[in-house]
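Residue numbers (my numbering): 360 to 1061. Here is the structure we will look at, set down as structure tokens.
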Amino acid sequence: MSALRRIAFAIAAALLLPPAAAFAQPQAPLYEECRLDTIFPAGGRRGTSVKVEMHGFKGGLASPRELIIDGPPGLAVRDLKSVNGSTVEATLDIAPDAPPGRRWVRLLNERSGLTNFAYFVVGRLPEQLETEPNNEIAKAEAVTAPVVINGRINPAADLDVFRFAGKKGQRVVAAIAAHALDIHGQGRNYGIADFSLELLDAEGRTLASAEDTVGFDPLIEHELPRDGEYFVRVQLLNYQGFPEAVYRLTLGEAAYPTAAFPPGLARENPGTVELFGLHVAPGTKGSAGVAGAAWDPAYTLRHVALDRDDSSGLDVPVLVGEFTESTETEPNDDRAQAGVLAIESTVNGRFQTAEDVDWYRVRLDAQQKVQFEIVAQRWLRSPVDTLLQVYDAQGKMLAENDDEAFDPGYESYHDFKSTDSRLEFTAPAAGEYFVKVKDQSGVHGPRAVYRLTLKPGSPDFRLTHFPDAVPVWGPGSTACVLVRIDRFGGCNDDIEVAVEGLPEGWSSSAATSLATTPERPFVTYQFKVFVTITAPAGAAVGTAVPFRVVGRSKRTDGNSLERRSLPLTLYYTSDTGFFRASPLSRVAVAKAQGPWLEAVTKEITIAAGGTGTIAVRVHGDADLKTMPIVVNLATFGVACGLTTPQNLPINNGLVEVPLKVPPEMHPGTYGITVAQTWRSDIRIGMPGPCTPLIKLTVEKAK
Ligand SMILES: [Ca+2]
Ligand SMILES: [Ca+2]
Ligand SMILES: [Ca+2]
Ligand SMILES: [Ca+2]
């Protein structure tokens, strides 16, 4: 959160919260963010046992129940225990045959439910933890390469120096995995941990240094000039340091894959890809078919690791696609050599040389609408900046796109503004059209990959939702999930968004993202909706169950579209907007922290500018006399309060909540929830209990 944003929040809090003196009621309970900020070490060697320490946020990890680990098999958890409310320890026994690569680790606890995921990597090289003090060359920690060192840059200005013996002619690798594992700060250090790395000789002279080689991760490959001692120095940019700045340093003659080709495969039959990187021989294959059978189909990311003795386990992202897959065929540097594309297909390409451009051709009917989309920097961490151009058969350029307009913030696997191209195109006449893909960042080689997908330009939409780990605060209570709807190709249908896949006894509510009508011109309420999930009254605290979010457009022509929502794990508050695509959504039952609300009024109709009253029942605290209440409606941006908080009396367990509908609100049916003050606000990562969705029908102003 920026300083300005903090101030804005403080002012908002001061303005919006009712004066405590007026009713002398306690503040709403603090619903801790169920957040896992770091796991240390962030990996271990297979066949060993690793004691890990997990850090959360302001007491949100109290009463740990279990670790839920997704991804390839081979990890067993024992000795899970609480150190304090924000720190948990456990021992991970890594099976001798555990496949190398990352796992998705979450902590289930009674205090705040289920956390976001943090990555834990299984490797095959020997591993060790750094030992402080190691800040100076004179105090460098001696290590035997090849090795993976698990360290932390903390406190500010911490430096970690390691000493190893090398031989003349050895090509050593020194590589940090941190950004690759989404290592990020908290508190005053929001943002990806940005490391730098130096290789020094015995006299302390710098032989090589690196900063942002793969994303923000530094990587050095260097041929040692003579037999002797060498040093590697790790630090954070600007001499920062914080407890979450965890890294894995691979050092020595180790295999370190950094690219895969093709960078994507058909979902149906993923198979293998070729890996590229340091000490990775041409023709080396990796499998993209591991694990994830239970993953949400909306999650298309896979990770390919190298299964070899000298592998640190760090894997390379690839994607699975819905359509026919192919790879480009060089030479294709001019129109005459263009490769053939079909609608509903994906071609995997790369820029092999600095001059490389890639041409494709496609036959289109008159007025046929198509959508070209490139994925390169997003998801794949490719360093390219694509430019996409469409030409007619006479060589006249008809359309082009550099950086896609679509906001990538919710899905970016990288942390830069997206440079991927996307355009919707309508063929003016029947015939052959040509597509040119070009890089503008001046990079080429195995990492300079892209995927170009050609889809029909018909109306379509996509959904994302967060959190992917929903806390229900007490059996019988309800929590909400925020779903974002993005429409393409002129999609203007009502889209019904529902929660599915919950076990028996659980319930949920559906919401509608409204189409635009003459009566209801485009409004931000179309972009986001809430759906809610209610746990059974008999649910045990510490229960976690999977769910999925599905959207269905209700086409007037009868051709309905169904799309699965991509789950997002939330690293910071949604206000700061730091998300990562997640393989699976779960809802977990935490201990009730205080009272919770049930909707007595299930639906209400109010004219724009008019007022109404919603009745809610308060459970869990019979002595409570008043409660600060807010009515929420998912809106664009960070706002979701339809009313400002009001301190309201409780009579016989019931609260009558007055609701004034803004005069500018368009006619339509909206899903709203009632919750206890803005501390229960999902946007600040504190999704306290709320009522199940209440249907609010807004009529035209009278
Ligand atoms: Ca350190
Ligand atoms: Ca140090
Ligand atoms: Ca090429
Ligand atoms: Ca080419």
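For every residue, glycine included, the Cβ atom is placed at its ideal position computed from N, Cα and C.
Subject >> Reference D456, options L467, G433 and S471, closest by Cα >> reply: G433
Original post:
Helix, strand or coil for Q885 per DSSP?
Top reply: helix
**OP:** Would you mind sorting R806 into buried or exposed? The rule is 16 or more other CB atoms within 10 Å of its CB.
**Re:** buried
Original post:
For the region 906-926 against the region 852-865, are there 3 or more C-beta pairs whose distance is under 8 Å?
Top reply: Yes: the two stretches touch, three or more of their Cβ pairs being nearer than 8 Å.
Original post:
Would R462 pass as a contact of L439 if the rule is Cβ separation under 9 Å?
Top reply: no
**OP:** Kindly list the residues whose CB is nearer than 7 Å to the CB of D396, restricted to its own chain and excluding five residues on each side of it in sequence; keep chain order.
**Re:** H414, G415, F416, Q545 and E603
**OP:** Classify L943 as helix, strand or coil using the three-state DSSP reduction.
**Re:** coil
**OP:** Mind listing which residues have their beta carbon within less than 7 Å of any non-hydrogen atom of ligand 1? Chain order is fine.
**Re:** Those residues are E489, E491, N493, G510, R511, I512, N513, D517 and D519, given in chain order.
Original post:
Taking the C-alpha atoms as reference points, what is the distance between Y809 and R737?
Top reply: 10 Å
Original post:
Are the C-beta atoms of A625 and some chain B residue less than 9 Å apart?
Top reply: In the displayed structure, chain B is absent; only one protein chain is listed.
**OP:** Pick out whichever of Y549, V507, N548 and T871 has its Cα sitting closest to the Cα of A534.
**Re:** V507
**OP:** Label R740 either buried or exposed according to how many other C-beta atoms from any shown protein chain fall within 10 Å of its C-beta, with 16 as the threshold for buried.
**Re:** buried
Original post:
Taking the alpha-carbon positions, what's the K526 to A539 distance?
Top reply: 29 Å
Subject >> For V706, the nearest candidate out of Q726, D724 and F731 (CA to CA) >> reply: A check of alpha carbon separations from V706 across Q726, D724 and F731 identifies F731 as the nearest.
Original post:
Just how far apart, CA to CA, sit K984 and V900?
Top reply: 27 Å
Original post:
For E588, which option in F523, A735 and T565 has the closest C-alpha, if you only look at C-alpha atoms?
Top reply: F523
**OP:** With DSSP as the reference, label A967 as helix, strand or coil.
**Re:** coil
**OP:** Give me the Cβ distance between D541 and Y615, rounded to the nearest whole Å; I'm assuming they're in contact under 8 Å.
**Re:** Going by Cβ atoms, the distance from D541 to Y615 rounds to 19 Å, so no, they are not a contact pair.
Subject >> Those residues which DSSP pairs with C1049 across a bridge >> reply: A1034
Subject >> Cα-Cα separation, W718 to T617 >> reply: Rounded to the nearest angstrom, the two C-alpha atoms are 26 Å apart.
Original post:
Taking the runs of the alpha helix (DSSP H) that are 4 residues or longer, which of them lie wholly in the region 676-702?
Top reply: If we require 4 residues or more, the region 676-702 turns out to have no alpha helix (DSSP H) run fully inside it.
Original post:
Can you tell which of L992, I965, G1000 and L596 has the C-alpha that lies nearest to the C-alpha of I1031?
Top reply: L992
Subject >> Q711: CB within 8 Å of a non-hydrogen atom of ligand 3 >> reply: yes
**OP:** Tell me where the beta strand (DSSP E) around K913 begins and ends.
**Re:** Residue range A903 to K913 is occupied by the beta strand (DSSP E) that includes K913.
Subject >> Distance CB(H543)-CB(F937) smaller than 9 Å >> reply: yes
Original post:
What is the C-beta distance between R530 and E469, in whole angstroms, given that I count them as a contact (C-beta under 8 Å)?
Top reply: With 8 Å as the limit, R530 and E469 do not qualify as a contact, their Cβ atoms being about 51 Å apart.
Subject >> CB-CB length for R626 against V679, believed under 8 Å >> reply: 4 Å
Original post:
Distance, Cα to Cα, S685 vs V632?
Top reply: 13 Å
**OP:** Verify the contact flag: E684, CB atom, against every heavy atom of ligand 3, threshold strictly below 8 Å.
**Re:** no
**OP:** Let me know the secondary structure DSSP gives Y589 once reduced to three states.
**Re:** strand
Original post:
Do three or more CB pairs link the region 826-838 to the region 937-957 at distances below 8 Å?
Top reply: yes
**OP:** Determine the direct distance from the alpha carbon of A1060 to that of I988, and round the result to whole angstroms.
**Re:** 26 Å
**OP:** Flag G546 as yes when its Cβ comes closer than 8 Å to any non-hydrogen atom of ligand 3, and as no otherwise.
**Re:** no
Original post:
Would a C-beta distance cut-off of 9 Å place F710 and V802 closer than the cut-off?
Top reply: yes
Original post:
According to the neighbour-count rule (16 or more other Cβ atoms, all chains shown, within 10 Å of its Cβ), is G897 buried or exposed?
Top reply: exposed
**OP:** Assign V798 to buried or exposed, taking buried as 16 or more other Cβ atoms, counted over all protein chains shown, within 10 Å of its Cβ.
**Re:** The sequence given here places Asp at residue 798; Val does not occur at that position. Buried, since its Cβ has 16 or more Cβ neighbours within 10 Å.
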